[in-house]
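**Student:**
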Ligand SMILES: [Zn+2]
């Protein structure tokens, strides 16, 4: 099977590929992210209850997911069948064609048949997501149609991420599943979960059950709502990982160190420099970033972290394991006899080098288990383990330095990608303007940019609806910057497509922000379901 051209002589026109549609040109279907190429053709495929979804044996999981996705939108449960069933009007899924690259796909909609082709399961899944975005109601109630198109598509970057902070405020499994669904609809593929911080330890660690028995809740006197604390058991997380994988999303776990670790130290104060005692508090009460961090001079700290990381590595299939590394105040290390003795013994100049030594000490353990470390850009200070990747958040300089020295990078600068910030600071248009590959990098260095990620910290906006409002609609900008070719960028074309997607966001139950950059003059439809 090849990427054969259709024999049908249909009039097709290239729609909205090279840039903004000029006056009089067709605007093209409202697909987000924008595909590499879309040709619009005459006619439409009418979706009916008898339309079969035909698949090869290896494409059965993708066929079942497409069946469910179409049922969710249309209420139709289309029958599945083998490719050679001979059914006339059908949707055909073919997997394993010649290499069109990871996650790439072809989607052809003709009046008589729809064909989805990809060389991997992710590509076939994304072909299905594009198909669902093309669905529209036809004249009769309950009838649906798909415009005839030829879509050729592949992602620009392999990492199209969203970070959710589950520590400052616990996020329910139900909310995480909904978030995965929404990410997948927009072809985002990495959900980074910030699982530990000063405000809570959210992942069961079987060798240290006390971490979640006592480190996952705020003391009663803070009167925090019950939904703000909690944790994920390993069984629950395994189920969530499977749910995400079924939608081509990888979950990247983050265990913070050496700072942002008060929830662990409140339970295990002997791992701090001062010995405690400590109490977990909400972010808005007391020091926002706690001075007490893991003691780098205590070997017990590393035995503990290896216990934790060992279980994390066993649980999460992700190749990259996030070890935090940001915003670690060094005051306690400066006065701790054990930390100072460690610096003398290891010949370290200052506490920044001690932080590098801290992360490097865990590198061989992580690598011996077949994984790689990723951390916030502070892990660059004083040297970085070979093979480690960097998440550039304080700006783009960390990402530039890391890529120039041969390390992989995920770009998530506060300037464009921090969605706990207000829309006055970062609106959808500003987020869309972000170019993940800095111009300072040459072509070889630029290939170390794995992609782009939006980050959401849950210290101010804490309820699910508030999180939605902070994330949507600007997450669509990051989805498109991560997927679509740089040459296809056009704000006005994107704005038009986002506007067309607002009813879809409402149908998905998303309480999005009415971003003035996106809404038509006079405001958008505020009648949320
Ligand atoms: Zn110490």
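Residue numbers (the numbering used here): 1011 to 1539.
Backbone N, C-alpha and C fix where the C-beta goes; we use that ideal spot for every residue, glycine too.
Small disclaimer: the values here were computed from a predicted structure and weren't measured.
Taking the alpha-carbon of residue 1183 as reference, which of 1321, 1352, 1245 has the nearest alpha-carbon?
**Tutor:** Among 1321, 1352, 1245, the Cα nearest to that of residue 1183 is on 1245.
**Student:** Tell me whether residue 1169 sits in a helix, a strand or coil according to DSSP, three-state version.
**Tutor:** Here residue 1169 sits in strand by DSSP.
**Student:** So for residue 1432, helix, strand or coil by DSSP?
**Tutor:** Coil at residue 1432, not helix or strand.
**Student:** In this structure, how does DSSP classify residue 1146 when only helix, strand and coil are distinguished?
**Tutor:** Three-state DSSP puts residue 1146 in a strand.
**Student:** Can you name, in chain order, every residue of its own chain whose Cβ lies under 7 Å from the Cβ of residue 1209, other than the five neighbours on each side?
**Tutor:** Within the same chain, residue 1209 has close Cβ partners 1177, 1178, 1273, 1290, 1292, 1293.
**Student:** Can you give me the C-alpha to C-alpha distance between residue 1068 and residue 1093, rounded to a whole angstrom?
**Tutor:** Rounded to the nearest angstrom, the two C-alpha atoms are 11 Å apart.
**Student:** Any heavy atom of ligand 1 closer than 7 Å to the beta-carbon of residue 1340?
**Tutor:** Checking every heavy atom of ligand 1 against the Cβ of residue 1340, none is found closer than 7 Å.
**Student:** Assuming residue 1103 contacts residue 1126 (C-beta within less than 8 Å), just tell me the rounded distance between them.
**Tutor:** Indeed, because the Cβ distance is near 5 Å, the residues count as touching under 8 Å.
**Student:** Counting along the chain, where does the alpha helix (DSSP H) carrying residue 1398 start and finish?
**Tutor:** That residue, residue 1398, is in no alpha helix (DSSP H); it is neither H nor E in DSSP.
**Student:** So does residue 1348 have its beta carbon nearer than 7 Å to some heavy atom of ligand 2?
**Tutor:** With respect to ligand 2, the structure offers nothing, as its ligand set consists of ligand 1.
**Student:** Spatial neighbours of residue 1539 within its chain, please: CB distance less than 8 Å, with the 5 preceding and 5 following residues excluded, ordered by chain position.
**Tutor:** Confidence in residue 1539 is poor, its pLDDT being 28 and thus under 50, which makes the residue's placement too unreliable to answer from.
**Student:** Using 8 Å for Cβ pairs, my map puts residue 1260 next to residue 1328. What's the rounded Cβ distance?
**Tutor:** Sure, about 5 Å apart at Cβ, within 8 Å.
**Student:** Quick one, which of 1288, 1165, 1212, 1157 has its alpha-carbon nearest residue 1181's?
**Tutor:** With distances taken between Cα atoms, residue 1181 lies closest to 1212.
**Student:** Measuring only from the beta carbon, is residue 1306 closer than 7 Å to any heavy atom that is part of ligand 1?
**Tutor:** Residue 1306: yes, Cβ under 7 Å from ligand 1.
**Student:** Beta carbon of residue 1343: closer than 7 Å to some heavy atom of ligand 1?
**Tutor:** Flag set: Cβ of residue 1343 near ligand 1.
**Student:** CB residue 1491 to CB residue 1446, shorter than 8 Å?
**Tutor:** Contact: yes.
**Student:** If you draw a straight line from the C-alpha of residue 1400 to the C-alpha of residue 1321, how long is it?
**Tutor:** Going by the C-alpha atoms only, they are around 22 Å apart.
**Student:** Buried or exposed: which applies to residue 1378, given that a residue is buried once 16 or more other Cβ atoms fall within 10 Å of its Cβ?
**Tutor:** Its Cβ having fewer than 16 others within 10 Å, residue 1378 is exposed.
**Student:** Any idea if residue 1192 is buried or exposed, counting beta-carbon neighbours within 10 angstroms, 16 or more meaning buried?
**Tutor:** Residue 1192 should be labelled buried.
**Student:** Using the Cβ count rule (16 or more neighbours within 10 Å means buried), how would you classify residue 1540?
**Tutor:** Residue 1540 cannot be examined here, being either before or after the span of the chain that is shown, 1011 to 1539.
**Student:** Let me know the secondary structure DSSP gives residue 1206 once reduced to three states.
**Tutor:** Of the three classes helix, strand and coil, the one that applies to residue 1206 here is strand, per DSSP.
**Student:** For residue 1084, I'd like the list of residues in its chain whose CB is within less than 6 Å of its CB, leaving aside the five on either flank, ordered along the chain.
**Tutor:** So the qualifying residues of the chain are 1154.
**Student:** How is residue 1263 classed by DSSP in three states: helix, strand or coil?
**Tutor:** Strand at residue 1263.
**Student:** The alpha helix (DSSP H) spanning residue 1343 covers which residue range?
**Tutor:** Where residue 1343 is concerned, the enclosing alpha helix (DSSP H) stretches over 1341-1345.
**Student:** Cβ of residue 1390 within 8 Å of Cβ of residue 1411?
**Tutor:** Result yes, Cβ atoms of residue 1390 and residue 1411 sit closer than 8 Å.
**Student:** Three or more C-beta pairs under 8 Å: does that hold for the segment 1144-1159 against the segment 1447-1456?
**Tutor:** At 8 Å Cβ cutoff, the stretches do not touch.
**Student:** Would you call residue 1309 buried or exposed, if buried means 16 or more other Cβ atoms sit within 10 Å of its Cβ?
**Tutor:** Residue 1309 is exposed by the Cβ-count criterion.
**Student:** Compare the C-alpha of residue 1059 against each of 1077, 1360, 1053, 1050 and name the closest.
**Tutor:** Nearest option by C-alpha distance: 1077.
**Student:** Opposite residue 1466 in the DSSP bridges: which residues?
**Tutor:** Answer is 1174.
**Student:** For residue 1523, count neighbouring C-beta atoms within 10 Å of its own C-beta (all shown protein chains included) and say buried if the count is 16 or more, exposed if not.
**Tutor:** Burial call: buried.
**Student:** Is it right to say residue 1015 is buried, meaning 16 or more other beta carbons lie within 10 angstroms of its own, or is it exposed?
**Tutor:** Residue placement at residue 1015 cannot be trusted, given a pLDDT of 36 that sits under 50; the coordinates are not used to answer.
**Student:** For the alpha helix (DSSP H) that contains residue 1475, what are its first and last residues?
**Tutor:** Note, residue 1475: alpha helix (DSSP H), 1474-1481.
**Student:** If you compare alpha carbons, which of 1395, 1368, 1387, 1388 is closest to residue 1381?
**Tutor:** Comparing Cα positions, the closest option is 1395.
**Student:** With a CB to CB cut of under 6 Å and the five nearest residues on each side skipped, what residues in its chain are close to residue 1353?
**Tutor:** Hits under 6 Å: 1364.
**Student:** In angstroms with no decimal places, state the Cα-to-Cα distance between residue 1207 and residue 1186.
**Tutor:** Each residue's alpha carbon lies about 18 Å from the other.
**Student:** How far does the beta strand (DSSP E) with residue 1055 in it reach, from first residue to last?
**Tutor:** Element bounds for residue 1055: 1047-1057.
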